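The structure appears right after this line, and notes come after that.
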C-alpha cells in the first residue's frame with residue numbers, strides 16, 4: 001500500500017459509500033469483507049504502517065486509525081439500518097392452526113374382554129384366582145381325571161419342559177406349559193374347602209399350527225363352583241346370565257352333549273343372537289361345561305357324596321372374535337395400531 005495519504009482518503013470515501021449503499025444484509029456483508037475483513041483494505045493499510053519512513057509514520061498511522069474507526073462506525077450504522085446481526089424475531093403463534101393431538105392409550109382388546117367377563121361373574125359371587133403357567137403333570141392331567149396313556153398327554157399336544165428337581169442328583173421332573181386353566185381349579189380346591197366359587201383367567205399353551213383361528217398361545221377363562229346340592233340347573237342359570245349380559249338380552253342358548261374327562265355329564269354351549277346374523281349360522285359354540293367329575297373331587301380331598309360342583313371354560317380370543325367381528329386370531333398379537341385403535 002506504501003504510504004500514500006491520498007490513497008487512505010480515497011479508501012475512506014469508497015468504504016463509506018459502500019456501507020451507506022448496502023441495501024440488505026448480504027450486500028453489507030460483502031462490503032465488510034472488502035473494507036474491514038481480515039484481508040480487507042483497512043487491515044492492509046494498518047499493516048503497512050511498519051514500512052512507512054519513521055519521520056512520516058506518525059501522520060500515516062493517525063490517518064490509518066481514523067480510516068479504521070470511521071469505517072467501523074459506518075458498518076455498525078448500516079447494521080442497524082438493515083437489521084443485520086440481530087436475532088430474527090420469533091414467529092407468532094397461529095391461534096387458528098389445529099393443535100397437536102396426544103393419543104391416549106387403552107387396554108388391549110383381550111384384556112378388555114377378560115375384565116368384562118370377570119366383572120360379570122363377579123356380580124354373582126365368583127372370585128378371580130390365578131395360578132402358575134408352568135405346571136406339573138399331577139395338576140395338569142392326573143387330578144383332572146386324565147390318566148397316563150390318555151391322548152391328551154402326548155408330547156405332540158403339549159409343550160413339555162425338562163426341569164431339575166430340587167435335589168440336583170434326582171431325576172428331572174416332567175413339567176409343561178399348562179394346556180388349560182383347569183389347573184387353577186385344582187390348586188384352588190387343594191387350598192380351600194367348599195363352598196368354592198372362582199373364575200380363573202390366564203394364558204395356556206398348545207403346539208397348534210398357527211392359522212386364522214389357532215395360536216400356540218391363547219387365553220382361557222375357567223369357572224368353578226363347588227358346594228352342597230349344586231345341580232346342572234344351577235350351571236344353566238349361571239351361563240344364561242353370562243351370555244345375556246355379554247352378548248345381549250336377546251341371546252338364545254342351548255346345550256349339546258359332549259365329553260370332557262373332568263366333568264360328567266358334559267356339554268358344549270351354543271348361542272344365537274342378533275350380532276351373529278352376518279355369519280349366516282344359526283348357532284355358534286362358545287364354551288364347554290359340565291358337572292365336576294367325582295374323581296376330580298376325590299383327587300383334591302372333597303367328598304363327592306357330600307359336595308357337587310360345576311365347571312365351565314371358554315377361549316377368550318374366540319369370545320372376542322365373535323363379539324367384535326375379528327376375522328383372524330393373529331390380529332391380537334401383531335401390534336398393528338390400525339387394528340388395536342378400533343377397540
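Residue numbers (the working numbering): 1 to 343.
Yeah, the Cβ is synthetic: ideal placement off N, Cα and C, and Gly gets one too.
None of these values were measured; they are calculated from a predicted model.
Leaving aside the five residues before and after residue i along the sequence, list all residues of the same chain whose C-beta is less than 8 Å from its C-beta, in chain order.
i, result
"residue 261", "144, 145, 146, 150, 152, 293"
"residue 184", "129, 130, 131, 198, 200, 202, 222"
For residue i, I'd like the list of residues in its chain whose CB is within less than 7 Å of its CB, leaving aside the five on either flank, ordered along the chain.
i, result
"residue 45", "1, 8, 11, 64, 67"
"residue 307", "194, 226, 227, 228, 297"
"residue 42", "35, 36, 67, 68, 71"
"residue 255", "267, 269"
"residue 217", "203, 205"
"residue 230", "308, 309, 310"
"residue 326", "320"
"residue 125", "197"
"residue 138", "none"
Measuring straight from C-alpha to C-alpha, what distance separates residue i and residue j?
i, j, result
"residue 26", "residue 70", "21 Å"
"residue 140", "residue 233", "28 Å"
"residue 288", "residue 99", "51 Å"
"residue 239", "residue 309", "14 Å"
"residue 200", "residue 92", "58 Å"
"residue 22", "residue 14", "12 Å"
"residue 56", "residue 17", "28 Å"
"residue 336", "residue 80", "57 Å"
"residue 208", "residue 158", "9 Å"
"residue 161", "residue 178", "11 Å"
"residue 304", "residue 192", "15 Å"
"residue 187", "residue 176", "16 Å"
"residue 102", "residue 132", "38 Å"
"residue 235", "residue 219", "22 Å"
"residue 245", "residue 148", "40 Å"
"residue 112", "residue 328", "18 Å"
"residue 342", "residue 173", "45 Å"
"residue 241", "residue 189", "25 Å"
"residue 5", "residue 60", "7 Å"
"residue 285", "residue 271", "7 Å"
"residue 96", "residue 104", "24 Å"
"residue 40", "residue 47", "11 Å"
"residue 142", "residue 215", "25 Å"
"residue 62", "residue 53", "14 Å"
"residue 257", "residue 323", "24 Å"
"residue 106", "residue 333", "16 Å"
"residue 136", "residue 312", "22 Å"
Leaving out five residues on either side along the sequence, give the residues of the same chain with a beta carbon under 6 Å from the beta carbon of residue i.
i, result
"residue 127", "198"
"residue 82", "24, 25, 28"
"residue 331", "339"
"residue 19", "31, 74, 75, 78"
"residue 212", "328"
"residue 243", "251, 253, 271"
"residue 295", "145"
Any heavy atom of the ligand GTP within a distance shorter than 7 Å of the CB on residue i?
i, result
"residue 149", "Although the ligand GTP was asked about, the structure shown includes no ligands whatsoever."
Write down the C-beta distance between residue i and residue j rounded to the nearest angstrom, noting that I regard them as a contact closer than 8 Å.
i, j, result
"residue 110", "residue 317", "7 Å"
"residue 290", "residue 264", "6 Å"
"residue 221", "residue 114", "7 Å"
Buried or exposed for residue i, going by 16 or more other Cβ atoms inside 10 Å?
i, result
"residue 122", "exposed"
"residue 156", "exposed"
"residue 282", "exposed"
"residue 180", "buried"
"residue 314", "buried"
"residue 32", "buried"
"residue 182", "buried"
"residue 299", "buried"
"residue 417", "An answer regarding residue 417 cannot be provided, because it is not within the stretch 1 to 343 covered by the chain."
"residue 210", "exposed"
Could one say the Cβ of residue i lies closer than 8 Å to chain D's Cβ atoms, at least one of them?
i, result
"residue 250", "The displayed structure is made up of one protein chain only, and chain D is not part of it."
Next on the checklist: Please give the ranges of any beta strand (DSSP E) in the stretch 137-187, keeping only runs that are unbroken, at least 3 residues long and fully inside the region.
Outcome noted: For the stretch 137-187, whole beta strand (DSSP E) runs of length 3 or above, ordered along the chain, are 159-163, 173-177.
Item to check | Uninterrupted beta strand (DSSP E) stretches inside the stretch 293-323 (no shorter than 3 residues) | outcome: The stretch 293-323 contains, as complete beta strand (DSSP E) runs of 3+ residues, the segments 308-315 (chain order).
Checklist entry - Which full runs of the beta strand (DSSP E) of 3+ residues lie inside the stretch 182-245, going along the chain? => result If we require 3 residues or more, the beta strand (DSSP E) runs fully inside the stretch 182-245 come out as 196-205, 217-227.
Checklist entry - What are the complete alpha helix (DSSP H) segments, minimum 4 residues, inside the stretch 15-93? => result For the stretch 15-93, whole alpha helix (DSSP H) runs of length 4 or above, ordered along the chain, are 25-35, 41-47, 54-82.
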